[in-house]
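Student:
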Amino acid sequence: MAFVEKTIEIYYPICMNYILEDSKIQGELLDRFIKYVKIWTESNGEKADSGVIPSEERERDLAKQLAAELTVMGLQDVQTTPECYTYAWLPASKGMEKVPSFCLLAHIDTVEEVSGKDVKPIIYPKYDGAVIDLQCGVRHDPKNDEALAEAAKNRETIITTDGTTLLGADDKAGVSAIMTAIQYLVENPEIKHGKIEVLFSPDEETGHGMDKVPLKLIKSKFAYTVDGGHIGELETECFNAFGANVEFTGKACHTGTARKGGMVNAIAVASRFVESLPQNQRPETTDGYQGFFAPMEISGSIEKAKVSLLLRDFTPEGMEERIETVKALAESAALSFGAKVQYGFKEQYKNMKANLDKNPFVVENLIAAYRESGVEPVFVPIRGGTDGSRLTELGIPTPNIFTGGHNFHGRAEWCSLTQMSRATDVLINLARKIAEK
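Residue numbers for the sequence shown follow our numbering, beginning at 36 and rising by one.
#1: Report the CB separation of I194 from W449 in whole angstroms; it is logged as a contact under 8 angstroms.
#2: In its own chain, which residues sit with a C-beta less than 7 angstroms from the C-beta of M108, not counting the 5 before and 5 after it?
#3: Could you tell me if P117 is buried or exposed, where buried requires 16 or more neighbouring beta carbons within 10 angstroms of its beta carbon?
#4: What are the residues that DSSP puts in a beta bridge with N450?
#5: Any idea what DSSP makes of E56, helix, strand or coil?
#6: Among G440, E239, K254, H243, which one has its Cα closest to the Cα of V233?
#7: DSSP three-state label for E222, please.
#8: Which first and last residues belong to the beta strand (DSSP E) in which I333 is found?
#9: Are there 16 or more other CB atoms within 10 angstroms of the CB of H441, so buried, or fewer, so exposed?
#10: Taking contact to mean at least 3 C-beta pairs separated by less than 8 angstroms, is the segment 368 to 377 in contact with the segment 300 to 307?
#11: Taking the straight line between their C-alpha atoms, what separation do you get for T199 and S150?
#12: What runs of the alpha helix (DSSP H), each 4 residues or longer, lie entirely inside the segment 238 to 280?
#13: Considering only the beta carbon of each residue, do I436 and E268 sit closer than 9 angstroms?
#14: How many whole angstroms separate the CB atoms of T271 and L391, which I take to be in contact at a CB cut-off of 8 angstroms?
#15: Considering only residues of the segment 318 to 392, which uninterrupted alpha helix (DSSP H) runs meet the minimum length of 4 residues and lie entirely inside it, listed in chain order?
#16: In whole angstroms, what separates the C-alpha of R294 from that of V281?
#17: Using the DSSP secondary-structure output, state which residues sit across from I158 in a beta bridge.
#18: With contact counted as at least three CB pairs below 8 angstroms, one residue from each stretch, are the segment 135 to 146 and the segment 255 to 264 in contact?
#19: Quick check on the burial criterion: 16 or more other C-beta atoms within 10 angstroms. Buried or exposed for S4?
#20: Per DSSP, what are the beta-bridge partners of Q114 in this structure?
#21: Quick check on this structure: which residue in D176, R95, Q100 has the alpha carbon closest to the alpha carbon of K70?
#22: Label S367 either buried or exposed according to how many other C-beta atoms from any shown protein chain fall within 10 Å of its C-beta, with 16 as the threshold for buried.
#23: Relative to the C-alpha of Y159, which candidate in L452, R457, K472, L465 has its C-alpha closest?
#24: For K468, I'd like the list of residues in its chain whose CB is within less than 8 angstroms of its CB, leaving aside the five on either flank, ordered along the chain.
#25: Determine the closest residue to D460 out of H444, G439, G164, with distance taken between C-alpha atoms.
#26: Could you tell me which of T76, A365, N394 sits nearest to G203, measuring between CA atoms?
#27: Can you give the Cα-Cα distance for K230 and P432, rounded to whole angstroms?
#28: Under the DSSP definition of a beta bridge, which residues are partnered with N435?
As structure tokens, then:
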């Protein structure tokens with residue numbers, strides 16, 4: 036099926052406040068999303084790990100686009116920093132200058148595991164539940180996707196790729212929702228609101244999205260990321276996260292003359308270590324509040340081999356246990372082969388729940404905005420992290436809002452335009468609710 040270039044008629048099963056009542060804005064949201072996903076912004080983890088932000092210059096293409104649009108909308112202090120953070124703020128409505136400001140955030144990069152170049156979106160209005168077969172063997176079947184079955188039941192408008200790339204709804208759906216909500220507030224001055232800051236960040240997918248965040252620009256004491264998934268999800272807690280590097284040193288010699296004890300193969304030691312990690316505590320065998328050990332890369336030679344892992348747990352105590360487990364298993368593997376071992380651990384982010392619990396009004400405002408938009412909040416833990424978890428750790432409490440994106444980080448990614456519109460509506464009502472209080 037060819038990519039649909041023109042804006043098409045969109046159907047919504049329930050007509051909610053503001054954004055969902057306006058077909059013009061619905062079309063603009065769709066057009067904006069399609070435009071953004073076609074901009075290649077794939078980030079690079081290796082470069083980001085070495086301190087390069089943005090990790091790829093192509094991320095600036097979307098940053099420049101957003102800055103230009105924000106300028107046309109009339110926002111103040113529009114700028115893109117040297118590190119590719121695009122910032123601006125919408126002035127408060129007349130008489131609302133003393134309303135506490137808040138910041139909206141989304142990230143512009145996509146993951147490197149699946150190509151985000153030359154994305155070809157396909158739009159399915161009033162999706163009826165038919166099986167969708169795409170290139171590269173990608174199949175969308177409601178029988179195997181509960182969220183897709185729900186979208187079909189509601190006859191939602193969905194968007195997929197052609198199967199050769201990811202879609203980029205993570206997080207261009209969030210970017211689109213923020214931009215459309217801000218545009219709507221600009222064009223509808225009767226909706227009273229305080230000052231609203233916006234920030235679009237690079238390199239969230241590399242885990243470095245807040246490394247160079249321009250905190251001096253952000254005046255708000257609380258914020259909201261728009262980087263979630265299914266409609267209704269409201270995320271206030273996430274993993275505690277550590278990265279681990281384990282390096283084994285063996286003894287090299289010619290394979291033809293190796294004798295017992297003459298060679299210690301570091302690759303074999305590293306393999307033994309990975310195999311010894313708890314089988315029922317891998318990402319693919321866990322769910323909900325279960326943490327995991329995730330081997331991400333193994334490399335090396337007979338003399339030296341390195342294993343890189345991600346450690347995830349929802350409690351500090353659980354994380355300490357995981358770190359001690361890695362040490363014990365690494366030392367056991369080295370001892371069994373007569374190798375040497377070194378390991379190091381680096382904290383990546385913390386569970387944001389404790390800091391959000393200290394500032395309950397931040398989430399209370401959001402719950403009110405969800406319900407004003409006809410969306411019942413569903414509290415689920417983030418099995419990962421967001422820029423919001425890092426920002427919360429830096430002192431700005433930041434829960435996460437759904438976007439309507441699904442099956443992130445793969446060719447089977449899809450997005451519900453209907454749900455993305457609800458997220459936009461939540462943002463508009465959030466501005467109203469905070470002003471009312």
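Beta carbons are placed, not taken as given, at the ideal position from N, Cα and C, and that holds for glycine.
Tutor: On the basis of the data shown:
#1: 6 angstroms
#2: I217, Q218, V221
#3: exposed
#4: First, the amino acid is wrong: residue 450 is Cys here, not Asn. Beta-bridge pairing links C450 to I194, G440.
#5: Summary for E56: the model assigns pLDDT 49, below 50, so the residue's position carries little reliability; its value from the coordinates is reported in the next sentence. Note: E56 maps to helix in three-state DSSP.
#6: K254
#7: helix
#8: 327 to 335
#9: buried
#10: yes
#11: 8 angstroms
#12: none
#13: yes
#14: 5 angstroms
#15: 351 to 372, 388 to 392
#16: 26 angstroms
#17: I194
#18: yes
#19: Residue 4 is absent from the structure shown; the chain starts at 36 and stops at 472.
#20: Y122
#21: Q100
#22: exposed
#23: L452
#24: N400, A403, A404, E407
#25: G439
#26: T76
#27: 17 angstroms
#28: T260, E270
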